[in-house]
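Some notes on the structure that comes next.
In UniProt numbering, the protein residues as written are 1 to 862.
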């Protein structure tokens, strides 16, 4: 079972640098959008993510002018989730696949593009041979068949269609077996072998006569060999005895070489041991020097220890007294703060006494001002009445202006929208016209013909004329709206001016009223100033103010005096610590102590070094003994070596004589060998020719069997399999076509070559005579039947993924509604469709909207 989970696209065709991630859902999903918006690119990205480029050009996938593109596809098969990452890289030589990776239950693994496809086929359980130049056969015909590929299958010749369907059904091996048998086995192998055997069997009787003559000459040559061999044996016996004496002395030759080779090694080993001993003695001297230095460090540490202990005592004292010292500082701060607050309170009372005196003088002035403001209040109230009556119409006029402005804005926006539509329409037509005939239409992906271009041009200019007419109407509406807005705004401006005058009067009246109220409150407040001034001056004279603060300050002062001794001890301890730290007592103590701790390690090293010296000296004595023994053995062996040289000289002279006699014997033996070889060659040729005659007969029998029995059997099996598949295919094809069009007068079937045949009212008609919706129904039913058969034949799970590319072109509303039932009958847990038909959106489980803006596609899940 194959289910898609996520797809991530970057720089693939119309998808740009910003990665697009699509989350797939179970059930029926629809990718909807305008023609050319980038829907089919999603399907191409899915196929590329699973199987690589295959038969797709790399330049077709990588976005123009981009250096790198990437597709990441996550899918579930069985119970496991996998993620494939594939890349496209643009270089000077072109666009190629870049690094790939597969993430599964065992983590992420890197793969070369050619190695990843077989791994994916194995994971999906697709039993097919991986072809690096083609996509997966099972995927292409069981899961996703592109729109153009299905049209090609329906329109191609019968034999081409059968070749495609054989590969799709997985039965092409029958045709391969028949072709290979006829071409490779019979014509290239058996016929060639029979012709070769015929040529090789000629001249058999002449070869047999020559064979008898050669046997007689061989017997005569063997008698001469026997006589010469007896003479050579006598000479060889004498040399053998000399060789035995030489052999007994040969070990001395090896012994001399061994001794001469070993003595320099022993001497070198002795010198190396002596050098090692000297190095160990030098190391012993260094260790003794370090131990002497450590003894001096121990004396210095003993002298420094009293100061170090005194430093630690002072630090402990600091820890004990620091809290009291900080508390003393806090009390001093509190005392200063209380003193400042008492002084501030005294200054505040003096200031209040001065204010009270000034308040008495101001009270009379306020009374006079209040009387004058009351007279002004009466005058302004009388002037406000006529202004309020005129301003009451302002909201009505303002609302009318706003309504007119909003209407004009809607007209302006609609006019700009029409201008953009006209510009887009012209740009699209210019792009299509520039491509020309024979190219692929960027909107519908069909091949552009002259009729197609003319139709698209007429449609474009008809839409342009409609937009221009609507723009003229909108221009007239804009002019009328501007005139009405101008008139209303003149009236609005006059009323707003009266509104501002009225507001100024109201503001002035409110200010006077507020001022009168404030003066009344101020007058009442100032009435108490005389009594308050007398109380304040009495408190200042007697000092009876801020009594709580004065008591708090007295308590804090007493606490400060109680802490004086402890603070003095703390300060003295801090000074002592600072003096000792300047002498670096603690640092020096730690350094000396660290060096002293290495003493034990040095003692252990000294003992180990002494043991090593004793071991090396023992080795030197052993090597001296071995050198003396070797020199004595070498002198004895060199005497034996001279005896060996003398015997070898004698043996060499005897061998020269034997060599001369051996040459005579060899000449006789060569004659025997030549005669024997000639007889054997003739015998071999005779046997081979007899065998070739038998082999030729076998090959002729095999050729007859293959032509008379094997090839007819293979063809019969293939016809039987195709007939069986054809019958099942017809059932699905007829059922789904009938369900789609719901018209009893039209029926379909496929012939033996899987060519769709259409009957209408009992007469066979050409499929091209059907309506657009009927032709699309025919293609969709054919596609679904093909998908189902390929799933059955390949062993793929029927509930697995199914992808349909533009399956409803030309469908009526009724066909679209019947499509959902057909798709549910297909039995797929996950079905993905790509279409620009908006009617499909109503019955899918998940909708994805695909749009293209400024050449960049995007996908939004709805």
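Glycine included, every Cβ here is placed at the ideal spot set by N, Cα and C. Nothing here was measured: the structure is a model prediction, and the numbers come from that model.
Those residues which DSSP pairs with residue i across a bridge
i	result
residue 832	29, 803
residue 7	22, 73
residue 760	746, 763
residue 100	111
residue 12	62
residue 144	803
CB contact flag (residue i, residue j, <8 Å)
i	j	result
residue 668	residue 233	no
residue 201	residue 693	yes
residue 110	residue 711	no
residue 765	residue 756	no
residue 76	residue 5	yes
residue 211	residue 683	yes
residue 9	residue 45	yes
residue 144	residue 790	no
residue 841	residue 816	no
residue 95	residue 58	yes
residue 70	residue 87	yes
residue 637	residue 252	yes
residue 523	residue 366	yes
residue 857	residue 15	yes
residue 826	residue 784	yes
residue 553	residue 320	no
residue 641	residue 256	yes
residue 353	residue 526	no
residue 568	residue 314	no
residue 754	residue 729	yes
residue 287	residue 570	no
residue 843	residue 781	no
residue 349	residue 556	no
residue 61	residue 22	no
residue 459	residue 450	no
residue 113	residue 97	yes
residue 703	residue 186	yes
residue 410	residue 478	no
residue 623	residue 269	yes
residue 63	residue 89	no
residue 721	residue 35	no
residue 135	residue 51	yes
heavy atom of the ligand HEM below 7 Å from residue i C-beta
i	result
residue 496	Absent from the structure shown: the ligand HEM. Ligands present: none.
Beta carbon proximity, residue i to chain C, threshold 8 Å
i	result
residue 124	The structure shown has no chain C; it contains just one protein chain.
Span of the alpha helix (DSSP H) around residue i
i	result
residue 24	Element bounds for residue 24: n/a, residue is neither H nor E.
residue 85	Where residue 85 is concerned, there is no enclosing alpha helix (DSSP H), although the beta strand (DSSP E) it sits in stretches over 80-91.
residue 599	599-705
residue 864	Here the chain has residues from 1 to 862 only, and residue 864 is not among them.
residue 180	172-180
residue 105	Where residue 105 is concerned, there is no enclosing alpha helix (DSSP H), given that its DSSP letter is neither H nor E.
residue 763	It is not in any alpha helix (DSSP H) - residue 763 instead sits in the beta strand (DSSP E) that spans 763-765.
residue 118	113-124
residue 401	394-435
residue 559	547-562
residue 736	711-741
residue 159	158-169
Extent of the continuous beta strand (DSSP E) to which residue i belongs
i	result
residue 48	Per DSSP, residue 48 belongs to no beta strand (DSSP E); it is in the alpha helix (DSSP H), 39-51.
residue 96	94-97
residue 847	846-853
residue 860	856-861
Item to check | Segment contact, 8 Å Cβ cut-off, at least three pairs: the region 560-570 with the region 286-293 | outcome: Contact fails: fewer than three Cβ-Cβ distances are below 8 Å.
Next on the checklist: Count Cβ pairs between the region 38-45 and the region 842-861 that sit closer than 8 Å; are there 3 or more?
Outcome noted: Verdict: yes, contact present.
Next on the checklist: In chain order, what are the residue ranges of uninterrupted alpha helix (DSSP H) at least 4 long that sit wholly in the region 471-505?
Outcome noted: Complete alpha helix (DSSP H) runs here, min 4: none at all.
Next on the checklist: Quick check: the region 358-378 against the region 481-492, are at least 3 beta-carbon pairs closer than 8 Å?
Outcome noted: The region 481-492, when compared against the region 358-378, does not touch it at the 8 Å Cβ threshold.
Item to check | Any 3 or more C-beta pairs closer than 8 Å across the region 421-432 and the region 385-401 | outcome: Fewer than three beta-carbon pairs drawn from the region 421-432 and the region 385-401 are found closer than 8 Å, and the two stretches are therefore not classed as touching.
Item to check | Completely contained alpha helix (DSSP H) runs for the region 197-228, where each covers 4 or more residues | outcome: As summarised for the region 197-228, there are no continuous alpha helix (DSSP H) elements at least 4 residues long confined to that stretch.
Checklist entry - Would you call the region 267-287 and the region 534-547 touching, i.e. three or more CB-CB distances under 8 Å? => result In this structure the region 267-287 does not touch the region 534-547; the number of beta carbon pairs closer than 8 Å is below three.
Checklist entry - Are the region 655-666 and the region 227-246 touching, with three or more C-beta to C-beta distances below 8 Å? => result In this structure the region 655-666 touches the region 227-246; the number of beta carbon pairs closer than 8 Å is three or more.
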